[in-house]
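Some notes on the structure that comes next.
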Amino acid sequence: MALIEDRPLALPSGDSDDGYTPTGVFTRPTAETGPRSWFTTVDHKKIGIMYGAAAIFFLVIGGFEALLIRMQLWAPRGSLLSANLYNQVYTMHGTTMVFLVVMPIGAAFANYLIPLQIGARDVAFPRINAFSFWAFLFGGLFINSSWIMGGGADGGWFMYAPNSGVIFSPTHGIDFWNLGLIITGIASLTGAVNLIVTVLNMRAPGMTLMRMPIFTWMALVSQFLLLFAIPVLTSAQILLMLDRGFDANFFNVAKGANPLLWEHLFWIFGHPEVYLMILPAFGLVSEILPTFARKPIFGYPFIVFSGIAIGFMGWGVWAHHMFVSGIGPISVTTFSLTTMFIAVPTGVKILNWTATMWGGKLKFSSPMLFSIGLVTMFTIGGLSGVMHSVAPMDSQQTDTYFIVAHFHYVLFGGAFFGFMAGFYFYWPKAFGYMLNESIGKANFWLMLLGFNLTFAPMHVLGLQGMSRRIYTYDAGYGFEFWNKVATIGAFTLASSIALFIFNIFYSKSKAKKLPPVGPDPWDSRTIEWMVPSPTPVYNFDPIPTVTRVDDFWYRKYGETKDGKLVRIASTAEVAQQRTDGKGIHLPSPSYWPLVLAVGLPIVAYGLIFSLWLALLGGIVVVAAIYGWVMEPPDDPDAAHDDHGPEAHASDGGDAAVPESADADAVKEVETVG
Amino acid sequence: MQRLPKIVRILAVLSFTLVVVLFAALIVNSFQNAGKPLTSLNPQGPSSESIQQLLVPVTSIAAVVFVLVLGAIVFITWKFRERKDANPDEFPSQIHGKTTLEIGWTILPALILAGIAVGTVMTIINLNREEPNSINVQVAGQQWWWEYKYDINGDGNFDGPEDITTATEMVVPAGRPIQVTTTSNDVIHSFWIPGLNGKRDAVPGLRNPLKLQADEPGVFRGQCTEFCGLSHANMRMLVRAVSSSDYDAWVKNQLKDHRADPADPTAAEGKKVWQSLCAQCHVINGINDAKMKETPPPLVAGVAPNLTHLMTRGTFAGSIFNLYEPVSSDGQALPMRDVAAAGDPGAALTGGTVATANVNRVTLEAWLRNAPALKPMYPQGGRGMPNLNLTEEQIDQLVAFLETLN
Numbered sequence: 283m284a285l286i287e288d289r290p291l292a293l294p295s296g297d298s299d300d301g302y303t304p305t306g307v308f309t310r311p312t313a314e315t316g317p318r319s320w321f322t323t324v325d326h327k328k329i330g331i332m333y334g335a336a337a338i339f340f341l342v343i344g345g346f347e348a349l350l351i352r353m354q355l356w357a358p359r360g361s362l363l364s365a366n367l368y369n370q371v372y373t374m375h376g377t378t379m380v381f382l383v384v385m386p387i388g389a390a391f392a393n394y395l396i397p398l399q400i401g402a403r404d405v406a407f408p409r410i411n412a413f414s415f416w417a418f419l420f421g422g423l424f425i426n427s428s429w430i431m432g433g434g435a436d437g438g439w440f441m442y443a444p445n446s447g448v449i450f451s452p453t454h455g456i457d458f459w460n461l462g463l464i465i466t467g468i469a470s471l472t473g474a475v476n477l478i479v480t481v482l483n484m485r486a487p488g489m490t491l492m493r494m495p496i497f498t499w500m501a502l503v504s505q506f507l508l509l510f511a512i513p514v515l516t517s518a519q520i521l522l523m524l525d526r527g528f529d530a531n532f533f534n535v536a537k538g539a540n541p542l543l544w545e546h547l548f549w550i551f552g553h554p555e556v557y558l559m560i561l562p563a564f565g566l567v568s569e570i571l572p573t574f575a576r577k578p579i580f581g582y583p584f585i586v587f588s589g590i591a592i593g594f595m596g597w598g599v600w601a602h603h604m605f606v607s608g609i610g611p612i613s614v615t616t617f618s619l620t621t622m623f624i625a626v627p628t629g630v631k632i633l634n635w636t637a638t639m640w641g642g643k644l645k646f647s648s649p650m651l652f653s654i655g656l657v658t659m660f661t662i663g664g665l666s667g668v669m670h671s672v673a674p675m676d677s678q679q680t681d682t683y684f685i686v687a688h689f690h691y692v693l694f695g696g697a698f699f700g701f702m703a704g705f706y707f708y709w710p711k712a713f714g715y716m717l718n719e720s721i722g723k724a725n726f727w728l729m730l731l732g733f734n735l736t737f738a739p740m741h742v743l744g745l746q747g748m749s750r751r752i753y754t755y756d757a758g759y760g761f762e763f764w765n766k767v768a769t770i771g772a773f774t775l776a777s778s779i780a781l782f783i784f785n786i787f788y789s790k791s792k793a794k795k796l797p798p799v800g801p802d803p804w805d806s807r808t809i810e811w812m813v814p815s816p817t818p819v820y821n822f823d824p825i826p827t828v829t830r831v832d833d834f835w836y837r838k839y840g841e842t843k844d845g846k847l848v849r850i851a852s853t854a855e856v857a858q859q860r861t862d863g864k865g866i867h868l869p870s871p872s873y874w875p876l877v878l879a880v881g882l883p884i885v886a887y888g889l890i891f892s893l894w895l896a897l898l899g900g901i902v903v904v905a906a907i908y909g910w911v912m913e914p915p916d917d918p919d920a921a922h923d924d925h926g927p928e929a930h931a932s933d934g935g936d937a938a939v940p941e942s943a944d945a946d947a948v949k950e951v952e953t954v955g
Numbered sequence: 002m003q004r005l006p007k008i009v010r011i012l013a014v015l016s017f018t019l020v021v022v023l024f025a026a027l028i029v030n031s032f033q034n035a036g037k038p039l040t041s042l043n044p045q046g047p048s049s050e051s052i053q054q055l056l057v058p059v060t061s062i063a064a065v066v067f068v069l070v071l072g073a074i075v076f077i078t079w080k081f082r083e084r085k086d087a088n089p090d091e092f093p094s095q096i097h098g099k100t101t102l103e104i105g106w107t108i109l110p111a112l113i114l115a116g117i118a119v120g121t122v123m124t125i126i127n128l129n130r131e132e133p134n135s136i137n138v139q140v141a142g143q144q145w146w147w148e149y150k151y152d153i154n155g156d157g158n159f160d161g162p163e164d165i166t167t168a169t170e171m172v173v174p175a176g177r178p179i180q181v182t183t184t185s186n187d188v189i190h191s192f193w194i195p196g197l198n199g200k201r202d203a204v205p206g207l208r209n210p211l212k213l214q215a216d217e218p219g220v221f222r223g224q225c226t227e228f229c230g231l232s233h234a235n236m237r238m239l240v241r242a243v244s245s246s247d248y249d250a251w252v253k254n255q256l257k258d259h260r261a262d263p264a265d266p267t268a269a270e271g272k273k274v275w276q277s278l279c280a281q282c283h284v285i286n287g288i289n290d291a292k293m294k295e296t297p298p299p300l301v302a303g304v305a306p307n308l309t310h311l312m313t314r315g316t317f318a319g320s321i322f323n324l325y326e327p328v329s330s331d332g333q334a335l336p337m338r339d340v341a342a343a344g345d346p347g348a349a350l351t352g353g354t355v356a357t358a359n360v361n362r363v364t365l366e367a368w369l370r371n372a373p374a375l376k377p378m379y380p381q382g383g384r385g386m387p388n389l390n391l392t393e394e395q396i397d398q399l400v401a402f403l404e405t406l407n
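Protein chains in written order, with the working numbering: chain A, 283 to 955; chain B, 2 to 407.
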């Protein structure tokens with residue numbers, strides 16, 4: 283069974299201290315609360331929260347870099363940043379936002395929600411999950427440590443060869459970028475394997491694939507994209523590492539290399555990357571829109587299959603980043619057409635979301651506002667994407683600010699608005715208190731304004747000839763006005779992020795005086811809302827048996843034949859009560875994921891500064907793997923034999939579904955789709 | 002429903018209004034391309050015109066789709082909003098989906114896109130069709146300037162004695178197709194003259210084709226659009242389209258070299274300075290072109306701008322500074338570096354007298370005094386021009402000599 287670490291856990295209230303003494307090198311840590319517990323935790327919820335917190339930390343760094351860029355471009359011949367520093371700042375802004383903000387926020391939601399949405403106790407490999415987080419964090423910190431060790435990378439986040447070679451970038455910035463992203467790549471890859479196994483093996487009884495919540499579906503597609511995309515980037519980065527560190531000639535044109543090799547490898551990774559960043563946000567709004575429209579998602583199977591279609595088609599469009607690179611008219615035509623038609627499944631999603639709202643009873647909560655924000659703003663990004671798929675038009679627009687506008691409408695207007703919606707929606711589930719709704723709405727409107735002020739003018743700037751990645755521009759080209767607007771917008775946007783962070787602390791302080799938030803503050807649909815808020819460490823007690831899509835909703839409401847909804851049970855009746863969790867097997871905490879992850883940046887520093895240090899890091903890694911393997915369970919005698927009958931449900935979706943549930947499932951097929 | 006604080010409601014209305022106004026202003030502004038020399042929306046040649054013919058319908062379709070989707074969402078959010086007096090126990094009718102509708106809105110966009118695809122493929126074919134009677138020019142990018150080589154005798158070689166090597170500005174006859182081949186001597190650059198065609202990357206080791214043709218005489222500016230390192234922002238280019246007869250005169254003059262010593266004694270001194278310091282990297286045909294073939298300059302790209310006919314160009318240093326005063330349409334003095342209004346070499350373009358009074362001496366001297374201070378470069382790594390620590394006297398002599406290079 284996939285739940286490798288399905289071992290008993292010493293809960294604070296439990297009495298597992300039965301005199302057992304482990305015989306391994308180190309005893310397993312047992313702390314479940316307090317600061318130390320965060321370093322050794324293998325709990326998917328704590329790891330999810332840490333992913334989110336780290337991503338917001340990096341968001342502040344990346345946002346600060348964005349503000350530096352916008353201040354530099356406020357007026358012609360800006361002098362805030364030198365050309366050299368600007369190139370580092372824009373490279374690090376892109377790298378940070380893609381790899382250290384958007385991807386980890388997706389990972390945060392996936393980690394926190396997938397086990398809850400499929401009715402599992404944790405992910406399949408909890409220690410690997412902890413390792414993924416620490417490797418991501420240390421990789422991110424490693425990349426950013428370049429700022430105090432000789433400067434950041436200066437080749438752009440796309441790091442085209444041969445400009446990334448030692449001749450053209452003699453400082454270590456690109457080495458930090460390269461090795462750091464190899465580390466975060468390892469983190470993404472292990473995380474992807476973990477979540478795929480979790481979704482495929484650990485679903486609650488009755489949770490067939492086509493009953494999974496859409497967020498889980500989209501996150502699953504995302505993880506498959508990661509699984510296949512990240513190794514391509516890592517391979518390319520290892521070639522670059524060998525070129526830069528060991529005088530190899532993979533990208534040395536003088537020795538016969540073709541610089542397009544890097545472009546192909548980077549974009550074979552880079553385009554699926556775009557979809558794996560956006561799909562989790564699509565999943566979030568697919569949860570939120572039905573909740574606040576008070577009606578089911580329109581066309582569940584179409585939303586699911588369009589997500590899968592995007593995942594497949596995303597592999598056949600990479601060369602649209604290279605329309606002007608000289609790949610020849612046949613390739614240009616091919617990728618032009620494939621790119622055009624990927625708009626179809628994306629359009630299906632937008633129309634389904636719109637149809638979900640149609641005829642509903644729309645409640646404009648903060649999560650709903652951000653979700654509608656995603657649908658509209660992403661539509662703009664999607665349409666400008668169709669414009670780029672027309673290769674001759676792209677030959678005018680590519681590498682101008684029009685592209686900058688386009689991908690910010692996709693990644694900020696799309697992914698980030700979706701994440702904001704997700705933050706406001708799931709905050710009570712994760713932390714047990716609601717974010718203030720008035721501030722939340724102000725947050726939305728301020729962000730909508732700032733976002734559009736910043737990025738909408740870039741469409742026109744790009745069409746009127748402003749090139750990307752330029753540290754300055756001259757007067758006389760007509761770029762002044764819209765650049766000023768964009769800079770004002772950037773500060774508005776920054777203030778909306780500040781307002782969000784303020785809201786977190788403000789709402790927490792106010793929450794003490796408010797009644798505790800129940801398990802289901804939004805009257806939601808999926809089973810994660812059954813459990814108490816904040817989620818207990820054991821998630822479900824007992825594991826529910828799922829009979830249809832939106833299972834929790836239909837425990838509360840019944841549907842008559844003509845589609846009318848009637849309440850059949852109160853939330854309190856169908857939600858789970860907080861129990862002492864006694865007898866529930868949970869994975870034990872461990873030091874080793876942290877130790878293993880610490881070894882990786884030591885190896886990376888070693889590859890830059892001294893191979894002896896790399897050897898030391900290697901020893902740490904190997905030792906940590908041994909420690910990991912040899913680590914004793916904290917109570918081997920109790921393992922695997924004290925599941926309650928219902929706890930066996932956690933063994934996955936292959937468990938027998940009760941008769942009655944089968945009958946309901948048939949009904950569901952009739953009603954859904 | 003809980004009532005929102007007044008300030009949040011004001012913010013919502015303000016934000017929504019501002020965004021609508023912003024979008025309207027942007028749409029209006031995208032039609033105003035006067036005074037925007039780099040705009041891609043004001044095509045001046047057959048290639049850029051055919052792109053524009055595609056852009057107008059595609060953008061219109063995109064705009065219609067956007068208005069429909071946004072309109073639908075605004076309408077839905079207004080019509081189906083939860084009313085204050087709504088009964089909380091009443092639910093909207095529970096529709097799970099409708100397959101016919103789904104199939105419809107899968108097929109409809111696919112059909113629209115198929116239409117766009119037809120136009121796209123036709124335009125791609127059109128843009129790649131070879132033109133008869135075109136002039137072959139090889140455009141090579143290097144950090145951070147462009148070199149142009151003309152295959153004048155049409156033998157497929159750009160380096161023969163009958164061929165032309167020049168830098169920074171590309172002179173072409175209006176109305177005649179130019180077959181450009183882009184390449185690079187160091188990193189990837191991208192050659193882009195938005196008024197004439199889309200861009201094409203200049204990739205080391207590759208030779209990428211691009212058609213250019215200007216309908217009318219004029220100056221067409223461009224900007225390197227593939228990030229190429231430190232001074233990427235300062236890597237510009239310029240196409241000067243002239244009449245057919247001026248082009249012939251220009252070619253004739255470009256084929257001359259500068260073997261003779263200048264008559265002016267200051268300029269003659271300047272030539273000595275040039276030979277001792279500048280000739281290590283730069284070439285003046287007739288002075289050091291033969292020698293340069295034996296000992297290439299100590300530069301990563303292996304080449305520096307050819308200065309044989311420097312004064313026939315209106316701009317220098319990667320087209321970021323004016324070599325001559327720009328001609329302003331309203332007679333106002335323009336800042337010397339304002340290459341948006343490009344300098345005009347006048348009669349010197351075709352080998353006539355250099356209008357020394359119009360030469361932008363201030364910037365040219367400053368450039369000779371300390372080039373990396375004016376344009377970020379990395380001379381210690383063989384990428385860009387170093388500060389040669391010239392004396393003021395040497396600078397005066399050099400300028401006098403350079404002014405003879407018509």
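Here a beta-carbon is modelled for each residue, glycine too, at the ideal position from N, C-alpha and C.
Nothing here was measured: the structure is a model prediction, and the numbers come from that model.
Beta carbon proximity, residue i to chain B, threshold 7 Å
| i | result |
| --- | --- |
| Gln370 (chain A) | no |
| Gly926 (chain A) | Bear in mind that a pLDDT of 42 at Gly926 (chain A), under 50, signals an unreliable position, so the number given afterwards is only what the model happens to contain. No, Gly926 (chain A) does not count as interfacial toward chain B. |
| Asp946 (chain A) | Unreliable placement is indicated for Asp946 (chain A), whose pLDDT of 46 sits below 50; the coordinate value is still reported in the next sentence. Output row for Asp946 (chain A): interface = no. |
| Met622 (chain A) | yes |
| Met640 (chain A) | First, the amino acid is wrong: residue 640 (chain A) is Trp here, not Met. It does: the Cβ of Trp640 (chain A) has a partner Cβ on chain B nearer than 7 Å. |
| Phe497 (chain A) | no |
| Ser677 (chain A) | yes |
| Ala929 (chain A) | Because Ala929 (chain A) sits at a pLDDT of 43, beneath the cut-off of 50, its placement in the model cannot be relied upon, and the point is left open. |
| Arg972 (chain A) | One cannot answer for residue 972 (chain A) here, as it falls past the ends of chain A, which runs 283 to 955. |
| Tyr442 (chain A) | yes |
| Pro358 (chain A) | no |
Any C-beta of chain A under 7 Å from that of residue i
| i | result |
| --- | --- |
| Ala13 (chain B) | yes |
| Asn158 (chain B) | no |
Beta-ladder partner(s) of residue i, from DSSP
| i | result |
| --- | --- |
| Phe322 (chain B) | B:Phe317 |
| Pro205 (chain B) | B:Ser185 |
| Pro210 (chain B) | B:Thr182 |
Reference residue i, options the options, closest by Cα
| i | options | result |
| --- | --- | --- |
| Asn137 (chain B) | B:Leu69, B:Asn286 and B:Ile179 | B:Ile179 |
| Val14 (chain B) | A:Leu731, A:Phe548 and A:Ile752 | A:Leu731 |
| Lys537 (chain A) | B:Pro205, B:Thr354 and B:Met171 | B:Pro205 |
| Ser31 (chain B) | A:Gly888, A:Ala886, A:Ala738 and A:Ile825 | A:Ala738 |
With a threshold of 8 Å, are at least 3 pairs of Cβ atoms found where one atom belongs to the segment 429 to 436 of chain A and the other to the segment 209 to 226 of chain B? These segments do not touch.
Decide yes or no for the touch test of the segment 463 to 476 of chain A against the segment 405 to 422 of chain A: beta carbon pairs closer than 8 Å, at least 3 of them. Enough Cβ pairs lie closer than 8 Å, so yes.
Is it the case that the segment 636 to 644 of chain A contacts the segment 70 to 84 of chain B, given that we only count it when at least three CB pairs across the two stretches are under 8 Å? Cβ pair count under 8 Å is three or more, so yes.
Just list the beta strand (DSSP E) runs in the segment 620 to 674 of chain A, keeping only unbroken ones of 3 residues or longer that don't cross its boundaries, in chain order. Here no run is fully enclosed.
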